[in-house]
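Residue numbers (the working numbering), protein chains in the order written: chain Y, 1 to 80; chain S, 81 to 592.
Read the structure below first, then the notes.
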Amino acid sequence: MTREEVFAKLNEIFQDVFDDEDINVNENTTAADVDGWDSLEHINLLVAIERGFGIRFTMGETTGLKNVGEMVDKIMAHLG
Amino acid sequence: MSLVSAAFLAFVAFTAIVYYLTPGGARRWILLLASLAFCASCGFYSLAFVLLAAVTTFIGGLLSGPSKSRGLRNAACVITVVLNLGILCSVRYYGLIGHFADNLNKVFGASANTRTFMLYVLPVGMAFYTLQLIGYTLDCRWERTQPEKNFFRYLLFATYFPYFTSGPMNSYADLSVKLDGSKDAKFSFDRLRDSAIRIAWGFFKKLVIADRIAVVVNAIYGDHQTYGGLYVFIGAACFAIQLYADFSGCMDVVLGASHLLGIEMPENFNSPFLAHTIREYWQRWHITLGGWLRDYLFYPMLRTSVFVKIGDGAKKLFGKKKGKKVPTYLGLIILWAAVGYWHGGLMKYVIGTGILHCFYIILGELFEPVSVKLRKALHSEKLPYKIFQTARTFFLICLGHIFFRANNVPDAVMMYKSIFQPFSMSKETLASLGLDSGNLIVLLVSFALLVAVDIYKYREKQEEEPRLVLKSIASKPVIVSWAAFMILAIAVLIFGMYGLGYDSGAFIYARI
C-alpha cells in the first residue's frame, strides 16, 4: 500500500470510530484536532486500525505517538 | 530517614558536594552509594525488599528481551510480574505474610493480632518501586526499551534516593538517559537557588499547611458522632487539602533534591483542585501513577482478545455506539478497583479512591449527551459555570475522602448518616476543633498562598506548559529569589508544627 492509500483507509476508520464523516486526517493531526479522541477512545481506535489493516501493534507502539503521521509510519512498517 | 527533616537536608547537601567534586563518569557510583545508604536508613527490610525486587526484575528484563525465544520471554515476564505483585500484596497489604507474622508473634510471646512483626518490617516505598520495576520488565517484553545488561546501572534506577519513598514514577527509558546525563551536570548558584526554593516550598506545604490542618481533620474524624452535619464536609474538605499539601509537598522536596543533582523528575501535580471534571482531576493528580496505569494495565487489558470479543458481542446487543463502550467501562471498573486497592489494600480505599471515582466517570460518560445540551444552555464557556464545575468536582472528591480518611467502611457510612444530624456552629464547638485563632489565621493565609500559586500555575488546556512560580521568580533579580527562599524558610521555622507528637516522617503517601 502507498502512503496515500494508507491515509485514505485510515481516514475511513477515523470517521467510523468517531462517528463523524467530516474528519479528514493528515500528517500533523493530533488528538486535540479530533472531537472525542481521548485516552478512553484511543484504545478503540487502535483496535479498529489493527482490524482494518490486519496488523498487530506492539504495546510499545500504542502510546507516545505524536501525530497521525507517526501512526501511518508504524502501520506501513507492519505492512512491510 | 524522613524527606522532611534536617537529616535529609544534610544528606542531600553532603551527597551534592561529593557528587560535584567527583569526576563525571564516577558520579553514578556516588548516586548509587547514596541511594543504598538512604534505603538502608529506612530499615534493613526496606533495603532487602528493594534489592529483591531489583534482582528479580533485572533478570526478568534480561530474559524478556527480544533476543530470547517467545516462550521464554512470556514465561520470564509473567513470573517476574506475578512474583513482585505477589510480594507487594502479601507484604504491604498484610495478606499471607501477615498471617505468617501473626504466627511468629505467637512464637515470640506477643499477641497474635498485634502485627508487631509486620510493623517492624514494613518496607518503605514498596508500592511505588514495585510498579515502576514491573513496568521495566514489561517494557523489555513489549520492546519499549532494551534490557539493561549492567546490574549496577539498573540498581541505581531501582533505588535512586530522591524518589525511593513516594515517587514520582519514571520509566527506565526516560530516567536512564537522565542518570547518564549526571556526568555532565554542572553546579551553579541558580541550580542551588531553584532547588532551595522548591524544597522550602515543600517543607512549607507539609509543616505549615498539612500538619496544621491535620489537627482539624483528626478532631472531626476522631469524633464523628459529635461533629455531624456541615462538619462532615468541613472534615472531608480539610482532609483533601491536607492530602494535597502533604503529597505535593513531598514531591516538591523530591523534585528539588533531584534538580540539585541535575536530574529532572516529572511533575506529579498540576493544580488538581481546579479541574472541571473528575476525569480531568485524575489527569492532574498523581499524574505519573495515572500514566503507569494507562500504559501497563488499561491499554493492554483492552487489547486482549477477551475484551475485543466482549466489545463485538456488546455491539451486536446494544448497537455500535453504545456497545463499544461496554469493554471500556468494564476495563475502567477493574482499573479503579486496582487504584483503590493500591492505596492501602482495605475496602475503604477500594471504595473511596477507586470504585466511587469509577462510578463518577462512567456516569459522566453516560450523561455526556445531556451534559452537552446543558452546557450550551448554561453558557459553559463563561467563568461562573467553570467555577461551578470546579466546586462540583471538589465536592465529589470530598465525598470519596470520607471513605479514604475514616477508620473503616462502617465508620464512613456512619459519617454519611451523620450529615443529616442536627449540628451546632457555636464558638465553643468551633474552638474544640483544636486550632486557636492565631493558628487559624496562619492556616488561612498559608492556604490562600497555596491557592494563589495553583491558580497562577493553572492552564485550562493540559497540553499547555503550566506556568511555574519558581520560573517566574528565577527571572527576577537574584535578591528577590533569595528573599523568597528566606521568607519560606523563616515561615517553616516559625509556623511549622513541631509540637508534642510531631512526626515529620508521617507523609500520608509514604505509608502506602
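Note that the Cβ used here is the ideal one computed from N, Cα and C, for glycine as well.
This one's a predicted model, so the numbers in the text were calculated from it and none came from an experiment.
The shortest CA-to-CA distance from residue 451(S) to any of 437(S), 565(S) and 469(S) is the one to 469(S). Taking the beta carbon of residue 1(Y) as reference, no residue of chain S falls within 9 Å; the closest one sits roughly 23 Å away. Under the 10 Å beta carbon count, residue 248(S) is surrounded by 16 or more other beta carbons and is classified as buried.
Setting aside the 5 residues that flank it on each side, residue 479(S) is surrounded in the same chain by 316 and 436, each with a C-beta closer than 8 Å to its C-beta; the list follows chain order. Against residue 375(S), the close residues of chain Y are 63, in the order they occur along the chain (beta-carbon pairs closer than 7 Å).
Collapsing the DSSP output to three states places residue 342(S) in coil. Of all alpha-carbon atoms in 141(S), 518(S) and 502(S), the one lying nearest the alpha-carbon of residue 312(S) is that of 502(S). Ranking 563(S), 366(S) and 258(S) by CA distance to the CA of residue 350(S) puts 366(S) first. For the segment 402–420 of chain S, the beta-carbon criterion of a distance under 9 Å to any beta-carbon of chain Y is satisfied by 404, 405, 407, 408, 411 and 412.
By the neighbour-count criterion, in which a residue is buried when 16 or more other Cβ atoms sit within 10 angstroms of its Cβ, residue 103(S) is exposed. Put simply, the CB of residue 44(Y) is near chain S, with a gap under 7 Å to one of its CB atoms. Taking CB atoms only, residue 382(S) has a neighbour in chain Y less than 7 Å away. An exposed status is given to residue 563(S), since fewer than 16 other beta-carbon atoms sit within 10 Å of its beta-carbon. Within the segment 213–242 of chain S, the residues whose Cβ lies closer than 9 Å to any Cβ of chain Y are, in chain order, 218, 219, 221, 222, 223, 224 and 225. Taking a beta-carbon distance threshold of 7 Å, residue 58(Y) counts as an interface residue toward chain S. Of all C-beta pairs linking the segment 277–297 of chain S to the segment 444–461 of chain S, fewer than three are shorter than 8 Å, placing the two stretches out of contact.
Listed along the chain, the chain S residues whose CB falls inside 8 Å of the CB of residue 47(Y) are 382, 383, 388 and 391. Assigned with DSSP and collapsed to three states, residue 489(S) falls in helix. In this chain, the alpha helix (DSSP H) harbouring residue 393(S) covers 385–398. Taking 7 Å as the cut-off, the beta carbon of residue 318(S) is found no closer than this to the beta carbon of residue 333(S). For residue 252(S), the enclosing alpha helix (DSSP H) covers residues 252–260.
In the structure shown, residue 484(S) falls within a helical segment according to DSSP collapsed to helix, strand and coil. Contact between the segment 409–420 of chain S and the segment 455–465 of chain S is absent: fewer than three C-beta pairs spanning the two stretches fall below 8 Å. Distances from the alpha-carbon of residue 40(Y) to those of 561(S), 405(S), 552(S) and 467(S) put 405(S) closest. Shown here for residue 431(S): same chain residues with a beta carbon closer than 6 Å to its own, the five before and five after excluded, namely 483 in chain order.
Taking a Cβ-Cβ threshold of 8 Å, none of the residues of chain S is close to residue 73(Y); the smallest such distance is about 16 Å. Nearest Cα to residue 271(S) within the set 113(S), 493(S) and 339(S): 339(S). With 16 or more other Cβ atoms from the protein chains shown falling within 10 Å of its own Cβ, residue 423(S) counts as buried. Within the same chain, no Cβ atom closer than 7 Å to the Cβ of residue 94(S) is found once the five residues on either side in sequence are excluded. Close to residue 19(Y), with beta-carbon spacing below 7 Å, are these residues of chain S in chain order: 401. When only Cα atoms are considered, residue 302(S) and residue 519(S) end up about 20 Å apart. Neighbourhood of residue 324(S) in chain Y, by CB distance below 8 Å: empty, with the nearest CB roughly 23 Å away. The beta-carbon separation of residue 137(S) and residue 217(S), rounded to 5 Å, stays under the 8 Å limit for a contact.
Interface with chain S (7 Å Cβ-Cβ cutoff): residue 40(Y) is included. Residues of the segment 420–440 of chain S with a Cβ closer than 9 Å to any Cβ of chain Y: none.
Note that the C-beta distance between residue 107(S) and residue 263(S) is below 7 Å.
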